[in-house]
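Protein chains in written order, with this note's numbering: chain A, 38 to 591; chain B, 40 to 189.
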């Protein structure tokens, strides 16, 4: 029994925000005909965002190998067509980048933990708390000024009020092993990660799974942390822990929980969507994978064999509700809704709103401090570039007097609309990490190519198990051509210095400024300081999407 | 629990004689000697797929010390047992990584070591049974510069 996904109310574009809000109600967003005996609520990749925000979905998200052209590797109009979402509707605004600037003015900000709390409490009340599991896919404690300053405490304190049943992690680990353990101890729920082991004896560091009973169904939730944390993030921050996909361990744990009587097996995963799609095809016995890490928001479940894959977006824009009818140890039916948290439509939960205000109070002045303004949309998502990253690269080039800038292809970071002030909160939303030093060093042209090839393979290796899930490293002052269909080491060509139009000389040394180096002892000022200085000097920035990366093989 | 299992695995390794190859003393430009080592080990006979399993990460957390477990599904009796397992790489300056020698007294044909990988490459394992039959498997391990994950 496959029930059609009930998506949010579909609205015509009116151009008048008040009118649009009038037509969209909280009841519309929460409307859901319950099915079966169990409800899973999923929220993931909040990245330290406590309050409603603007977040433009990617314009480019290319898939390779079996994932080519498959969700989530469709964007814009193709995405809207695939899911039957009318252009300029509320759903179109939440899920796709088309007309983002105009629709942002119509539909306003999305997200906020107080709105999430309203939805979660409402579902628990309607369904009965004893039928509901709330699962947090991780990347929760990092990504904002407050989260960085409190080492995740602000997020942990607020999330605690949502009463999640379990979580897993990724950026959490960049606070270091001791801090992660400390925060976990302060929480009432399980931190699950079956794929993290200690280096010496390969012993499990965290609980691999937890058994729950909801709606009379015995449910096993297995946790899978981001497999490449010590590769994509600094190894020295988690020196004693070893990660990896560990497919055999997933398989063994699924078999174990089935033997222990689990009637429903859920993998709470931070693998990234394509990794989970492959995993679902190779490991039998998983009913649901709640995916994360790659920040995909899909309005329908993706079915791989008997496994349902759910993609709940990021930054607290959405809460996923998945109702399941579990009978005799099998899922007989389901209904799914990706609920967009339109901040002007959903009433904030008073308890959470107070907690969020309290959490932000110590930094209130710094958060709202205006550094400059933008005349153009600043956003990050896209495989190769985003205007916020162009801004960061421009700041690196100028403030560190470099020929070339490298900025990591992170997928988190909020958007700033044309005409808005750029605040310190905005800058931190794109940069707040525990290893922010901006290095300045020389690299040969040959080394630069190696770096680009290395990152390109993390994104475009046709085998998802060899992908790391970020986007391509952003380059300032450097253009190139990429053929995503070529094998590792052969994708990048025509590397050019943008300033002179000259080809990059493999033998010449170039002055490079970059941040988020995974090497211990990297020295330099924090990136947010440089961006602040640069924006303050510019007063108003205007950045149009560039064309310095030519794409082939897509 | 896992601690005990791993100690047992370590003992299994101890029960066999392990020959670990040396470091990277040969310049990395020439194609390495993996074909010769395999030829010497197999006597030119083509190994079959199956029975042998390599447990390696898809992407190494540290190329200088990559945890590897090799295991062969086989009885370990006087009549039928795994004699030797050869591990080679196709891009390290020197292909040879290790040769594990087993006897029926090893109890289980499984070994657990750390290996060093100079770059992204395939690791190849070949098992030789006491009847001379051969089994092989391989796995690519990516060694990256690191950084930039989402």
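Note that the Cβ used here is the ideal one computed from N, Cα and C, for glycine as well.
Endpoints, alpha helix (DSSP H) assigned at residue i
{"i": "residue 138 of chain A", "result": "137-144"}
{"i": "residue 320 of chain A", "result": "Where residue 320 of chain A is concerned, there is no enclosing alpha helix (DSSP H), given that its DSSP letter is neither H nor E."}
{"i": "residue 216 of chain A", "result": "214-222"}
{"i": "residue 73 of chain B", "result": "73-81"}
{"i": "residue 161 of chain A", "result": "150-164"}
{"i": "residue 429 of chain A", "result": "424-436"}
{"i": "residue 266 of chain A", "result": "266-269"}
Opening and closing residue of the beta strand (DSSP E) in which residue i lies
{"i": "residue 409 of chain A", "result": "407-411"}
{"i": "residue 527 of chain A", "result": "Unbroken run through residue 527 of chain A: none, as it is neither H nor E."}
{"i": "residue 588 of chain A", "result": "586-589"}
{"i": "residue 123 of chain B", "result": "121-128"}
{"i": "residue 369 of chain A", "result": "367-377"}
{"i": "residue 305 of chain A", "result": "301-306"}
{"i": "residue 444 of chain A", "result": "441-444"}
{"i": "residue 139 of chain B", "result": "135-140"}
{"i": "residue 114 of chain A", "result": "Premise fails: residue 114 of chain A lies in the alpha helix (DSSP H), 113-119, not in any beta strand (DSSP E)."}
Length of the line joining the Cα atoms of residue i and residue j
{"i": "residue 67 of chain B", "j": "residue 523 of chain A", "result": "Since pLDDT at residue 67 of chain B reaches only 40, below the 50 mark, its modelled position is unreliable, and the value read off the structure follows with that caveat. One C-alpha to the other measures close to 24 Å."}
{"i": "residue 75 of chain B", "j": "residue 189 of chain A", "result": "54 Å"}
{"i": "residue 534 of chain A", "j": "residue 483 of chain A", "result": "14 Å"}
{"i": "residue 159 of chain B", "j": "residue 497 of chain A", "result": "15 Å"}
{"i": "residue 395 of chain A", "j": "residue 516 of chain A", "result": "45 Å"}
{"i": "residue 63 of chain B", "j": "residue 131 of chain B", "result": "Since pLDDT at residue 63 of chain B reaches only 37, below the 50 mark, its modelled position is unreliable, and the value read off the structure follows with that caveat. Each residue's alpha carbon lies about 8 Å from the other."}
{"i": "residue 118 of chain A", "j": "residue 136 of chain A", "result": "15 Å"}
{"i": "residue 147 of chain A", "j": "residue 333 of chain A", "result": "16 Å"}
{"i": "residue 61 of chain B", "j": "residue 136 of chain B", "result": "Only weak support exists for where residue 61 of chain B lies, its pLDDT of 41 falling under 50; the coordinates are left without a value."}
{"i": "residue 581 of chain A", "j": "residue 97 of chain A", "result": "16 Å"}
{"i": "residue 183 of chain B", "j": "residue 125 of chain B", "result": "25 Å"}
{"i": "residue 290 of chain A", "j": "residue 565 of chain A", "result": "42 Å"}
{"i": "residue 233 of chain A", "j": "residue 161 of chain B", "result": "24 Å"}
{"i": "residue 270 of chain A", "j": "residue 144 of chain B", "result": "44 Å"}
{"i": "residue 51 of chain B", "j": "residue 241 of chain A", "result": "Residue placement at residue 51 of chain B cannot be trusted, given a pLDDT of 39 that sits under 50; the coordinates are not used to answer."}
Close Cβ partners of residue i (< 8 Å) along its chain, the five nearest in sequence each way excluded
{"i": "residue 373 of chain A", "result": "42, 337, 338, 345, 347, 357, 358, 359 and 360"}
{"i": "residue 11 of chain A", "result": "In the structure displayed, chain A extends from 38 to 591; residue 11 of chain A sits before or after that span and is not available."}
{"i": "residue 391 of chain A", "result": "none"}
{"i": "residue 560 of chain A", "result": "474 and 476"}
{"i": "residue 188 of chain B", "result": "At residue 188 of chain B the pLDDT is 48, less than 50, meaning the model places this residue with poor confidence and gives no usable figure here."}
Sequence-distant residues of its chain with Cβ nearer than 7 Å to residue i (five each side left out)
{"i": "residue 214 of chain A", "result": "275, 277 and 278"}
{"i": "residue 120 of chain A", "result": "336 and 337"}
{"i": "residue 19 of chain A", "result": "The structure shown has nothing for residue 19 of chain A, since chain A only spans 38 to 591."}
{"i": "residue 528 of chain A", "result": "490, 493, 497, 519, 520 and 521"}
{"i": "residue 193 of chain A", "result": "178, 220, 223 and 224"}
{"i": "residue 478 of chain A", "result": "549"}
{"i": "residue 144 of chain A", "result": "57, 127, 130 and 379"}
{"i": "residue 171 of chain A", "result": "78, 157, 199, 200, 201 and 202"}
{"i": "residue 426 of chain A", "result": "417, 444 and 511"}
{"i": "residue 69 of chain B", "result": "Note that residue 69 of chain B scores a pLDDT of 44, beneath 50, so its modelled location is shaky; the value from the coordinates is reported in the next line. Correct list: empty, nothing qualifies."}
Beta-bridge partners of residue i, as assigned by DSSP
{"i": "residue 248 of chain A", "result": "A/257"}
{"i": "residue 151 of chain B", "result": "B/108"}
{"i": "residue 175 of chain B", "result": "B/88 and B/165"}
{"i": "residue 334 of chain A", "result": "A/349"}
{"i": "residue 480 of chain A", "result": "A/547"}
{"i": "residue 79 of chain A", "result": "A/172 and A/357"}
{"i": "residue 181 of chain A", "result": "DSSP lists no partner for residue 181 of chain A."}
{"i": "residue 160 of chain B", "result": "B/180"}
{"i": "residue 516 of chain A", "result": "A/533"}
{"i": "residue 235 of chain A", "result": "A/278"}
{"i": "residue 228 of chain A", "result": "A/204"}
{"i": "residue 563 of chain A", "result": "A/474"}
{"i": "residue 453 of chain A", "result": "A/415"}
{"i": "residue 90 of chain A", "result": "A/147"}
6 Å CB neighbourhood of residue i in its chain, flanking five on each side removed
{"i": "residue 169 of chain B", "result": "120 and 122"}
{"i": "residue 155 of chain B", "result": "103"}
{"i": "residue 301 of chain A", "result": "254, 256, 324 and 363"}
{"i": "residue 41 of chain B", "result": "With a pLDDT of 28 at residue 41 of chain B, under the threshold of 50, the predicted position of this residue should be treated as unreliable, and no value is reported."}
{"i": "residue 209 of chain A", "result": "178 and 217"}
{"i": "residue 179 of chain B", "result": "161"}
Within chain B, the residues that residue i reaches when beta carbons sit closer than 8 Å
{"i": "residue 416 of chain A", "result": "Correct list: empty, because the minimum Cβ distance to chain B is about 15 Å."}
{"i": "residue 223 of chain A", "result": "Result: empty, since nearest Cβ-Cβ is about 26 Å, beyond 8 Å."}
Chain-ordered chain A contacts of residue i [CB-CB under 8 Å]
{"i": "residue 91 of chain B", "result": "Those do not exist, as residue 91 of chain B stays about 15 Å from chain A at its closest Cβ, beyond 8 Å."}
{"i": "residue 94 of chain B", "result": "285"}
Neighbouring residues, chain B, relative to residue i (Cβ below 7 Å)
{"i": "residue 593 of chain A", "result": "Coverage of chain A is limited to positions 38 through 591, which leaves residue 593 of chain A absent and any answer about it impossible."}
Proximal residues of chain A, C-beta to C-beta of residue i below 9 Å
{"i": "residue 176 of chain B", "result": "The contacting residues do not exist; residue 176 of chain B stays about 14 Å from chain A at best."}
Proximal chain A residues relative to residue i, where beta-carbon distance stays under 7 Å
{"i": "residue 128 of chain B", "result": "Chain A residues near residue 128 of chain B: none, gap ~16 Å exceeds 7 Å."}
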